[in-house]
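In short: position in the sequence shown from 1, add 413, done, that's this note's numbering.
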Amino acid sequence: MFTFWLQSNNLSRCKQRYPPWFNTMKIVTWNINGIRTFRGGIKTALDSLDADIICVQETKVTRDLLDERTAIVDGYNSYFSFSRGRSGYSGVATYCKDSATPFAAEEGLTGLLTNHEGAVGCYGDQTEFCSKELQLLDNEGRAVITQHRIMCQDKEQTVTVINVYCPRADPEKPERKQFKLQFYKLLQSRAEAILKEGSRVIVLGDVNTSHRQIDYCDPSDVDDFGENPGRKWLNGFLRSGIREAEEMNEQEPGEESEVTSTDPTDSGKFVDTFRYFHPTRTSAFTCWSTLTGARQTNYGTRIDYIFADCQLAKEQFVAADIRPEVEGSDHCPVWGQLSCSLVSSSKPPLLCTCYLPEFAGKQQKLSRFLVKVDQKSIQPELRDALPGSQEEEERRENLNPSTAGIVFGKKRLLTSDCVVPKGKKTKTVKTSSKPQGSLLSFFKPKLTNVVTSSQSSQKAPTTSEIGVPVDTEPVSGSQQQCSSTMEESDKPMKTTQLTPQPSVGCSGAKKGASLVFWKSVLHGPPPPPPCKVHREPCVLRTVKKEGPNMGKQFFVCARPQGLASNPEARCNFFAWVDKGK
414 MFTFWLQSNN LSRCKQRYPP WFNTMKIVTW NINGIRTFRG GIKTALDSLD ADIICVQETK
474 VTRDLLDERT AIVDGYNSYF SFSRGRSGYS GVATYCKDSA TPFAAEEGLT GLLTNHEGAV
534 GCYGDQTEFC SKELQLLDNE GRAVITQHRI MCQDKEQTVT VINVYCPRAD PEKPERKQFK
594 LQFYKLLQSR AEAILKEGSR VIVLGDVNTS HRQIDYCDPS DVDDFGENPG RKWLNGFLRS
654 GIREAEEMNE QEPGEESEVT STDPTDSGKF VDTFRYFHPT RTSAFTCWST LTGARQTNYG
714 TRIDYIFADC QLAKEQFVAA DIRPEVEGSD HCPVWGQLSC SLVSSSKPPL LCTCYLPEFA
774 GKQQKLSRFL VKVDQKSIQP ELRDALPGSQ EEEERRENLN PSTAGIVFGK KRLLTSDCVV
834 PKGKKTKTVK TSSKPQGSLL SFFKPKLTNV VTSSQSSQKA PTTSEIGVPV DTEPVSGSQQ
894 QCSSTMEESD KPMKTTQLTP QPSVGCSGAK KGASLVFWKS VLHGPPPPPP CKVHREPCVL
954 RTVKKEGPNM GKQFFVCARP QGLASNPEAR CNFFAWVDKG K
């Protein structure tokens, strides 16, 4: 009945509606770029997505930083994968409504992180990976697998949801490219192994590769677009042309078509559900650069996907789309709708965060808090254990609280060192009633009392234009008083008091001289030039990439990045900052 309704309403191509009496299942994936950045709380964010299964990537939280408000959310059960290499890096999590509780869950793709009951299993052929390589691939917290029961047309089936955050390849690091490709191979091996065992499979998350030219903002700007190894892998993992083949089969007998072949291209076992429903939609992007403001001009890429095995996509998926209007990250959510209902498990599997000792209300052993960790010995081990598995811009570690205390202690020691030792005698100098001199006195000659004597008459001080002697050595007020007192105690000297000069007009001259001096010493950045196209002030940028230009500053157009044909986007103005200015 539902199949007939689906075909008669042409649901897959038009408005993607489903009958109100039919139970549906909704799934969402979203790279949130830090799970602790939700200002309104994690529950508010999850409720706003309105889905049964919500998969998030780049949580940037480790086990020691996971708090109860994030791990235990009312109405949901959650499953986390943490980075073992560093804090504040990578990480994925899957939140399931209590009505969609899985019966099995597992962290990672290799099975090495599974030491409990209720695992998913089906690990496939891992003979091409060495044991060390498998450990490294699962060491960054990039995968969580949950297995659910669904009811499809009165028939119970199993669907496995693989939530992944695939690595990004650094063009300047060949070892990182290889790491990404090996992760792809491991993901495909695991997904196809689970599919072979009879379960339906959904692979979703941030894949970090745009598939076709239609999924990229400016493919002509990329050399050898189709030769990218990640795109080649997607070509083999996915099957395209299924929609065209279905449309050919739905045509009436005798109706001619311009399509010469109805066979789906490629030999992949999975389908990009968004392109399944929107094969020709352009400018459908899920990720934008925040540094260039590219979201304002929709100058981005589509690297977040929901992949489903071919049978599941054809029989159960009724809709899939993106939500670019949802902000809060440099990515936007992607959702999919299935024409089946979820069957909740009676209790969550052991990977669920509700079983963690810190959240389960169980008394923990005192030894857990008293274990002494040698940080100096751990850091070299981590560097050896993860060769080339961290990106260049992701090497910044969180500050160690103990280190901050040490620095604070050093500051206190420095201030205490200024105290004069008890053994030394100090001379007391009478405080002057004159106001404290300005800092400018340390940088330019200063008018002072001139010390004259018969012995020093040969080395007379220089004289200003108004005939007032000027001391050529800048000294502070306290040092001047102290030296004067010591000289008077050693030999008799004759001092001449300067006659006060009229102050009329002097304050303005001093203020002007001070202003000129500080502008020469503490000059700010040069004024931004206007760009050639929009005649608007440019913005100042600094080169952070390693190389001969690292640290240099330059000016570019202040508008957001976009296509060259877009008049509202950034123009190609560029100018280096002249250090002499």
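Glycine included, every Cβ here is placed at the ideal spot set by N, Cα and C.
In the pairwise beta carbon analysis, the region 730-742 is classified as touching the region 435-447: at least three pairs are separated by under 8 Å. When secondary structure is reduced to three states using DSSP, residue 597 falls in the helix class. In the assembly as shown, residue 529 is an exposed residue. Its beta-carbon has fewer than 16 other beta-carbons within 10 Å.
Beyond the five residues adjoining it in sequence on each side, residue 532 comes within less than 7 Å, by CB distance, of 517 and 519 in the same chain, given in chain order. In the structure shown, the three-state DSSP call for residue 741 is coil.
DSSP lists 572 as the bridge partner or partners of residue 561. Looking at the DSSP output, residue 749 bridges to 440 and 733.
In terms of Cα proximity to residue 506, the closest of 683, 575 and 540 is 575. Contact between residue 754 and residue 563 holds: CB atoms are separated by about 7 Å, below the 8 Å threshold. Counting only residues of its own chain and dropping the five nearest sequence neighbours on each side, residue 971 has a CB closer than 7 Å to the CB of 949, 950, 951 and 952. When the five nearest sequence neighbours on each side are left out, the beta carbons in the same chain lying within less than 7 Å of the beta carbon of residue 547 are those of 523, 525 and 539, in order along the chain. DSSP places residue 684 in the strand class (E or B) of the three-state scheme. The continuous beta strand (DSSP E) containing residue 494 extends over residues 489-494. Using a 10 angstroms sphere on the CB of residue 748, the tally of other CB atoms reaches 16 or more, which defines it as buried.
Note on geometry: alpha-carbon atoms of residue 691 and residue 568 lie some 29 Å from one another.
The alpha-carbon separation between residue 479 and residue 707 amounts to approximately 32 Å. The C-alpha of residue 558 is placed about 13 Å away from the C-alpha of residue 514.
Under a 10 Å Cβ-count criterion, residue 987 is classified as exposed, with fewer than 16 other Cβ atoms of the shown protein chains found around its own Cβ. Remark: three or more beta-carbon pairs, one from each stretch, lie closer than 8 Å, so the region 633-647 and the region 591-609 are flagged as touching. When beta bridges are read from the DSSP output, residue 954 appears opposite 967. Contact between residue 687 and residue 735 holds, since their C-beta atoms are separated by about 7 Å, short of 8 Å. Annotation: residue 485 to residue 466 spans about 15 Å, alpha carbon to alpha carbon. A Cβ-Cβ distance of about 5 Å is found for the pair residue 495 and residue 554, placing them in contact under the 8 Å criterion. According to DSSP, residue 470 shares a beta bridge with 444 and 505. Going by beta carbons, residue 602 and residue 649 fall outside the 8 Å limit.
Taking all protein chains shown into account, residue 541 has fewer than 16 neighbouring C-beta atoms within 10 Å of its C-beta and is therefore exposed. Take the alpha-carbon of residue 483 and the one of residue 509: they are about 13 Å apart. In the three-state reduction of the DSSP assignment, residue 987 falls in the strand class, which pools E and B. Straight through space, the alpha carbons of residue 468 and residue 619 are spaced by roughly 10 Å. Residue 964 and residue 622 have their C-alpha atoms some 30 Å from each other. The DSSP-derived three-state label of residue 939 is coil.
From the listed residues 585, 630 and 473, the smallest Cα separation to residue 499 is found for 473. Taking a C-beta distance under 8 Å as the contact criterion, residue 511 and residue 757 qualify as a contact pair. Sixteen is the threshold: since fewer than 16 other Cβ atoms of the shown chains lie within 10 Å of the Cβ of residue 704, the residue is exposed. Beta-carbon to beta-carbon, residue 607 and residue 572 are separated by about 10 Å, too far to satisfy the 8 Å threshold.
For residue 617, no alpha helix (DSSP H) segment is defined; the enclosing uninterrupted segment is the beta strand (DSSP E) at 613-619.
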